[in-house]
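The working numbering numbers the first residue of the sequence shown as 1302 and each following residue consecutively.
We treat Cβ as the ideally placed atom computed from N, Cα and C, and that holds for glycine.
These numbers come from a predicted model, not from an experiment.
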Amino acid sequence: TQRQEPTPAPKQEAVAPKTEQAPAPAPTQESAESKQEAAPIQVKPIATPRPSQQEQIRQTRRQFRMRHKTAEEDTQEEAAPLEEAHEAFTLEDAQIAYSRYLEDEIPKEEIVLKQTLGDVLPQLGDNQVLSIALANSPAIIEPVKKKLPHLQRYMQSALKNTDLRVEIQPIDIERIYIPTTNREKYEALAESYPILHKLKEQLQLRIL
1302 TQRQEPTPAP
1312 KQEAVAPKTE
1322 QAPAPAPTQE
1332 SAESKQEAAP
1342 IQVKPIATPR
1352 PSQQEQIRQT
1362 RRQFRMRHKT
1372 AEEDTQEEAA
1382 PLEEAHEAFT
1392 LEDAQIAYSR
1402 YLEDEIPKEE
1412 IVLKQTLGDV
1422 LPQLGDNQVL
1432 SIALANSPAI
1442 IEPVKKKLPH
1452 LQRYMQSALK
1462 NTDLRVEIQP
1472 IDIERIYIPT
1482 TNREKYEALA
1492 ESYPILHKLK
1502 EQLQLRIL
């Protein structure tokens, strides 16, 4: 008789015991606050209020004062002394620098001052003094006096001579002589330029 082998029992797969997952912890108040802190803060731009009419008037006045400074303010801003210089200059050099000053430094708005100084040319006297002859009237002299420090500083810088001085020479209106006839004009010119009289005599000219 054949011996029957015992049938092996079917293998059972090992099953890992199920572990229960712990429930996620509820968010605490601290974690919620930290998330709020981490969120970026959005700042809405604040609309700039339009200036009131009164503020606009103040701004306009400030701008006007900046554009039209007084002579004293100009002098204070330019208080720094010039570098000492002693270069020689002629009357022609001084008159050219004076004309440039009128053109470049006096605003167009100051029409009266520009015309007052433009009607005369400075004359060079002793000790490097430039004199400006003006009618002896406060209405004419006072505006020029306020501008005089600025004018003198400009002339010193342009002519490179810090010894130069600019002065006003008041002239009485009654003493101002204006020649009208040809002979009067000739005599006035001959007084300033004696060579005219010599030419007249040499050429035997006659004043009509």
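Rounded Cβ spacing between residue i and residue j (contact assumed at less than 8 Å)
i	j	result
L1465	Q1457	5 Å
L1460	A1398	6 Å
Y1487	I1508	5 Å
L1425	L1392	4 Å
P1423	Q1396	7 Å
V1467	L1431	5 Å
R1454	L1504	Not quite, the Cβ-Cβ distance comes to about 47 Å (not below 8 Å), so this is no contact.
Contact set for residue i: own chain, Cβ-Cβ below 6 Å, skip 5 residues either direction
i	result
E1443	none
A1372	Interpretation of A1372 is limited by its pLDDT of 45, a score under 50 that renders its predicted location unreliable; the figure taken from the coordinates is listed afterwards. Taken in chain order, the residues that qualify are K1447, K1448.
R1363	none
Residues near residue i in its chain [Cβ-Cβ closer than 8 Å; skip 5 each side]
i	result
I1472	A1434, L1435, A1436, N1437
L1403	K1415, L1418, G1419
E1388	L1460, K1461, N1462
I1407	L1414, K1415, L1418, K1448
V1421	I1433, A1434, L1435
R1401	A1459
For residue i, three-class secondary structure by DSSP
i	result
R1466	strand
I1508	coil
P1471	strand
Y1494	coil
K1447	helix
K1461	coil
T1361	helix
Close Cβ partners of residue i (< 7 Å) along its chain, the five nearest in sequence each way excluded
i	result
A1491	L1497, H1498
Q1377	In this prediction, Q1377 has a pLDDT of 48, which is less than 50 and means its spatial position is unreliable; what the coordinates show is noted afterwards. None.
F1390	L1460, N1462
S1493	none
A1386	K1461, N1462, T1463
Check: residue i C-beta below 7 Å from any heavy atom of the ligand MN
i	result
N1428	In the structure shown, the ligand MN is absent, as is every other ligand, since no ligand is present at all.
As an exercise, report each continuous alpha helix (DSSP H) stretch of at least 4 residues that is fully enclosed by the segment 1373-1441, in chain order. 1392-1405, 1412-1419
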